[in-house]
Amino acid sequence: MADAPLPIPGALERDRRARLGTAMALGAATLFAINGSVAKLALTGSALTPLDYTQLRTTGAFLVLGLAMGALARAELRLSLADLPFLAFYGMLSFAVVQWLYFVSIERLPIGIALLLQFSGIVLVALWARLVWHERVRPRVWGALSLTLVGLALVSELWLGWSLDTVGVLAGMGAAVALAVYLLAGERAVQRRSPLAVLTLALLFASLTWAIVQPWWSFPFGELVRSAPLGEPFPARAIPVWALVVWTVLAGTIAPFALAVGALRHLPATRAGIALTLEPVAAALVAWTWLGETLSGAQVAGGLVVVSGIFLAQTSR
């Protein structure tokens, strides 16, 4: 009887790195998913607006990342005049607008539906690559588009008449477009700088944008000391809004972005992106158990169809 072939060291290392990268991407998706419920608690438990919360999130994340990058990799943050237009556009649209629209949508819609709307932007990425950049994209992109549209129709339960908040849906659709811009522009940006440097500079311009739109001296800081109810599992307990903001900055922004960036060192972008599609599903489950948000059977089925479309779109490039 022939001896079994010995495992190839290179293959073992690739498998180990793939498992590590997948775990990091799933961890990032889980933290992003939990953050949706944390942010909704803060928004519903205080008079903070989605713009206020976005300003706190982007500025807080920039300050922490900026200090870390300034101490460890200052050279990567150097800017030239030629860099300014692109990075300003990337930060203002991709980070300022996408987060603001997401917070508007979760304030008005169940978190699972809001994220399904936003993540449909991944299908727009594949369509843009095929129709504008003329990349070789597999024909399954059209199946992805069809699944996404059918799934969104199920999520909105169109046969019952329009029942979802119109502003929330428009915000979610706008977030999808902004997410597509974030991904497409990000692909170009990380060819010249490290992902963490791009993230830090983008957050800088996003923070400057909100400081102009709403100067800090007019910010409602008094809302941060309010107490927000902790949700259905803890009906008699509350938590300061500022603590929810700190969680959003550290565990809802910096940690998941760092994990997602780290995953790209071990996985191709497509596989990392597929793992990150756990977020809409996980966010809906967290919101159901924590906030008591429920979806109908048709909406759950529609969500699964949308996630299938997103999966196909990720694998079409």
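Heads up: the sequence shown at position 18 corresponds to 334 in this note's numbering, and the numbers run straight through without jumps. Using N, Cα and C, we set each Cβ at its ideal position, and we do this for glycine too. Nothing here was measured: the structure is a model prediction, and the numbers come from that model.
Of the residues PRO584, ALA576 and GLY619, the one whose Cα lies closest to the Cα of LEU347 is ALA576. CA-to-CA, the gap between PRO531 and GLY459 works out to about 46 Å. Within the same chain, Cβ atoms closer than 8 Å to the Cβ of TRP444 are found at ALA496 and LEU500, the five residues on either side in sequence being excluded. By the C-beta density criterion, GLN415 is buried, having at least 16 other C-beta atoms within 10 angstroms. Listed in chain order, the beta strand (DSSP E) elements of length 3 or more contained wholly in the segment 516-561 are 543-545 and 554-556. In the three-state scheme derived from DSSP, where H, G and I count as helix and E and B as strand, ASP368 is classed as helix.
As summarised for the segment 441-479, the continuous alpha helix (DSSP H) elements at least 4 residues long and confined to that stretch are 456-472, given in chain order.
Distance from VAL439 to ARG446 at the Cβ level is roughly 11 Å; contact not present, criterion being Cβ atoms closer than 8 Å.
ARG504 carries a helical assignment under DSSP once its states are collapsed to helix, strand and coil.
By the neighbour-count criterion, in which 16 or more other beta carbons inside 10 Å mark a residue as buried, ALA554 falls on the exposed side. In this structure, the CA atom of ILE570 is about 11 Å from the CA atom of VAL562.
Residue range 414-424 is occupied by the alpha helix (DSSP H) that includes LEU417. Taking C-beta separations shorter than 8 Å and ignoring five residues to either side along the sequence, the partners of PHE405 in its chain run ALA501, following chain order. Pairing LEU432 with VAL471 gives a Cβ-Cβ distance under 7 Å.
For ILE427, the enclosing alpha helix (DSSP H) begins and ends at 427-435.
With contacts defined by Cβ atoms closer than 7 Å, GLY337 and LEU583 form a contacting pair. Comparing alpha carbon positions, the residue from ILE427, SER523 and THR564 closest to GLU609 is ILE427. Your pair PHE378 and LEU519 checks out as a contact, with CB atoms roughly 4 Å apart and the cut at 8 Å. DSSP places ASP331 within a helical segment (H, G or I) once states are collapsed to three. With fewer than 16 other Cβ atoms inside 10 Å of its own Cβ, ILE528 counts as exposed. The beta carbon of ALA603 lies closer than 8 Å to those of GLY352, SER353, LYS356, PRO426, ILE427, GLY428 and GLU609 in the same chain, with the five residues before and after it left out. Taken through DSSP and simplified to helix, strand or coil, LEU383 comes out as helix.
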